[in-house]
Amino acid sequence: MYLACDHWRRAGVLDRIDVEFNLTGTTLFGVEAFVPALMRYVEHYRAGLAFGSTLVAVDGPAHTAWFEHKNADGETVRAAKRFDLLHAVPPQVAPAFIAQSGLGDAAGWCEVDPATLQHVRHADVFSLGDACSTPNAKTAAAVRKQAVVVAENLLAHRDRQPLPTRYDGYGGCPLTVERGKVVLAEFGYGGKLLPTFPLAPTVARQSAWWLKTTVLPWLYWNGLLKGREWLARPSLPVER
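Residue numbers (the working numbering): 64 to 303.
Here it is in structure tokens:
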């Protein structure tokens, strides 16, 4: 939405376009600290927000989409909305082969301890990435940190040693709010801010755009996909 609005603004046509952002949830972003920065762009682009609005059906030829929401009495109401352009993002769900394997939790995700990433019922099983039950943002930034934790803990478990490392829920979401600027949202469990750089993390920056468009693609193709990691380090457990 943000990039589309910025493109239309630069083209001089944004004031002739009615933009509406329908969200199933009740907030613009899951970590409250980043909401004010995003809201400034929403207001700048004059985009409407519809919270608690779930897309349930689309008729492409008729340019109509149906959304469900709860009214003041708690009843589910379905509303039809016309569109010229619809960008629909499907809900994230657990892979069927995990949900049906006996390893999944009630929602189908591979049920692991959120810190050690070891399965809660099968000690020889570890999981990471999009399939596991950790309540973090499921991003490439997250799996970079998780891979180190799983590797260290898996080797320790193989050698019958205590699991030495913990995952803190780190995830990164580069939020592209306009062409040339990104809000680099980095956070862990409980919405704790975990910025990599010594800059205010809730500010849209050109440097974050450069990181997203230049550095991260190189790290992805030359590091992540080849099993190389230069930046992520194990997080040792707290001594008790």
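By construction, the Cβ of each residue, glycine as well, lies at the ideal position given by its N, Cα and C atoms. A quick note: this is a predicted structure, and the numbers were derived from the prediction, not measured.
Residues in its own chain within less than 8 angstroms of Tyr283 by CB, not counting five upstream and five downstream? Ala203
Let me know if Ala208 comes out buried or exposed under the rule of 16 or more other beta-carbons within 10 Å of its beta-carbon. Checking the sequence, you will find Lys at residue 208 rather than Ala. By the neighbour-count rule (16 or more Cβ atoms within 10 Å), Lys208 is buried.
Give the DSSP bridge partners of Pro237, in chain order. Leu247
Buried or exposed: where does Arg303 fall if 16 or more other Cβ atoms within 10 Å of its Cβ makes it buried? Any reading at Arg303 must be qualified, since the residue scores a pLDDT of 41, below 50, and its modelled position is unreliable; no value is offered.
By alpha-carbon positions, which one of Val119, Thr127 and Val188 ends up nearest to Pro153? Val119
Going by DSSP, what residue range makes up the alpha helix (DSSP H) through Arg73? Tyr65 to Arg73
Check the C-beta distance from Leu247 over to Gly235 and give it rounded, since I have them as a contact under 8 angstroms. 7 angstroms
Residue of Lys275, Pro124 and Asp81 minimising C-alpha distance to Thr239: Lys275
Go ahead and label Glu249 buried or exposed: buried means 16 or more other beta carbons lie within 10 angstroms of its beta carbon, across all protein chains shown. buried
Quick one: using the 10 Å Cβ neighbour count with 16 as the cut-off for buried, is Ala267 buried or exposed? buried
Distance between Gly93 and Glu174 (C-alpha atoms, nearest Å): 22 angstroms
DSSP three-state call for Val105: helix, strand or coil? helix
Give the secondary structure of Asn216 by DSSP, where H, G and I count as helix, E and B as strand, and everything else as coil. helix
Strictly under 8 angstroms for the Cβ-Cβ distance: is Phe189 near chain B by that measure? Structure shown: chain B not included; a single protein chain is present.
Supposed contact pair Thr87 and Glu115 - C-beta distance, whole angstroms, cut 8 angstroms: It is Gly, not Glu, that sits at residue 115 in the sequence shown. Confirmed, Cβ separation roughly 7 angstroms.
Have a look at Pro261 and Leu279 and give me their C-alpha separation to the nearest angstrom. 18 angstroms
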